Amino acid sequence: MMCKGNTCRLFNGDFKLIALDIDGTLINSDHIITSRTMHAIKNAKDAGINVTIATGRHYISAIRIARKIQISAPLICGDGAIIKDINTNHTIYNLLPKEIAADVMRMAAGYEDFKIQVFTREGKIYLGSNYRNNYFKSFLRAPLKHSLRGYFNLLRDFVFIPVKNTGNIEKTIAAMDDAPLKIVVYGNERREDLKDFTDKIIKKYGDRISITSAIDNCIDILKGGVSKAKGLAVLSEKLNIKPEEIIAVGDNINDIEMIEYAGLGVAMGNAPDEVKSKANYVTDTNNNDGLAKFLESLLSVRIKTKEFPVPQTGLCRGQ
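Converting from the sequence shown to our numbering requires adding 91 to each position, the first position being numbered 1.
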């Protein structure tokens, strides 16, 4: 709800860590970190606040973003399946048991036109011998939604990435030398099929698996108990930081748990209502420098140590 009296005291906490989602939060629709956002993050770090990334992306993809904004804190990747110290390379893996992964993949293969991705320690295994070509063709056929720079960045982030084409389910399972980080399943045009599949695997495996989502009509299947929030809890313990000293910023379903876990949970203006309803504060969209605007307001409070006048885009909950 809008803050009463047009003021908000949420930003007065002694915050020591900010966890940022990447897609839809840190970057805009052109997959760019704006100069305003870069500057705001630098100012937050200069003010003594640790900054990290909490993303569904694999570490291989996330590390490029982390280096761009000069992060030194450990990263939370793969929705919490990887926690990696970029300085020492010490890594905590939370792997989905291979036998569960194999069974889930076989169950998914029973649905027509489901697409399956396997995230492994070293990168990704894509199911389908012609996955990259098909993805590139669909990419070229899609309506123009980005600038030319945005298309280049999208190609870099999601098309030209390390893959291993395996051909079919059994070959994919055989190619997995180790338990995977997570399985990603894209539904078909019959949206009820993905719901049916999700219900079946939950009924079969219960709390031995975790299910989340960052893309419409798509689910991520992880080891039970794994989430960005759990990764944030592990990291905060390592850094000796309390939950109430953490800020989490995100825009999608897989961000809800960490938004609720943090002392200050922030939703982007482009987030679904389900995410916004769980946040303490709603900022502007990722295409309108929402993250930068939030950080600027936060730092203004730290400097002035007085009540914060809410901007027109700012929404607060739970005073």
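Glycine is no exception: its CB is placed at the ideal position from the N, C-alpha and C atoms.
For clarity, every value in this text was computed on a predicted model and none was experimentally measured.
Unbroken alpha helix (DSSP H) run spanning residue i, endpoints
i	result
residue 288	282–296
residue 166	First-last for residue 166: 166–168, but that is the beta strand (DSSP E), not the alpha helix (DSSP H).
residue 264	260–266
residue 128	126–137
Buried versus exposed, by CB contacts within 10 Å (16 or more), residue i
i	result
residue 487	Any question about residue 487 goes unanswered here, given that the chain covers just 92 to 410.
residue 180	exposed
residue 361	buried
residue 363	exposed
residue 109	buried
residue 268	exposed
residue 213	exposed
residue 164	buried
residue 185	buried
residue 161	exposed
residue 197	exposed
residue 370	buried
residue 377	buried
residue 112	buried
residue 322	buried
residue 135	buried
residue 316	exposed
residue 336	buried
Backbone CA spacing between residue i and residue j [nearest angstrom]
i	j	result
residue 325	residue 389	25 Å
residue 314	residue 156	25 Å
residue 345	residue 159	23 Å
residue 293	residue 300	8 Å
residue 398	residue 142	For residue 398, the predicted structure reports a pLDDT of 40, less than 50, and the residue's modelled location is therefore unreliable. A value from the coordinates is still provided. About 24 Å.
residue 306	residue 278	11 Å
residue 396	residue 367	Any reading at residue 396 must be qualified, since the residue scores a pLDDT of 47, below 50, and its modelled position is unreliable; the value itself is stated next. Cα to Cα, the separation comes out at about 27 Å.
residue 194	residue 260	10 Å
residue 342	residue 357	9 Å
residue 118	residue 309	21 Å
residue 104	residue 206	44 Å
residue 106	residue 138	10 Å
residue 258	residue 353	42 Å
residue 147	residue 262	25 Å
residue 379	residue 115	11 Å
residue 182	residue 150	10 Å
residue 273	residue 211	7 Å
residue 189	residue 286	23 Å
residue 391	residue 375	17 Å
residue 122	residue 297	36 Å
Reduced DSSP category for residue i - H, G, I as helix; E, B as strand; rest coil
i	result
residue 176	coil
residue 301	strand
residue 154	helix
residue 325	helix
residue 355	strand
residue 339	strand
residue 192	helix
residue 366	helix
residue 316	coil
residue 162	coil
residue 104	coil
residue 347	helix
residue 383	helix
residue 110	strand
residue 308	coil
residue 360	coil
Heavy atom of the ligand FAD within 8 Å of residue i beta-carbon
i	result
residue 118	Although the ligand FAD was asked about, the structure shown includes no ligands whatsoever.
Segment limits, beta strand (DSSP E) that includes residue i
i	result
residue 141	141–144
residue 202	Careful: residue 202 lies outside any beta strand (DSSP E) and carries neither H nor E.
residue 274	273–277
residue 206	206–211
residue 182	182–184
Short Cβ contact (9 Å threshold) for residue i with residue j
i	j	result
residue 202	residue 284	yes
residue 167	residue 319	yes
residue 171	residue 145	yes
residue 386	residue 270	no
residue 275	residue 288	no
residue 383	residue 131	yes
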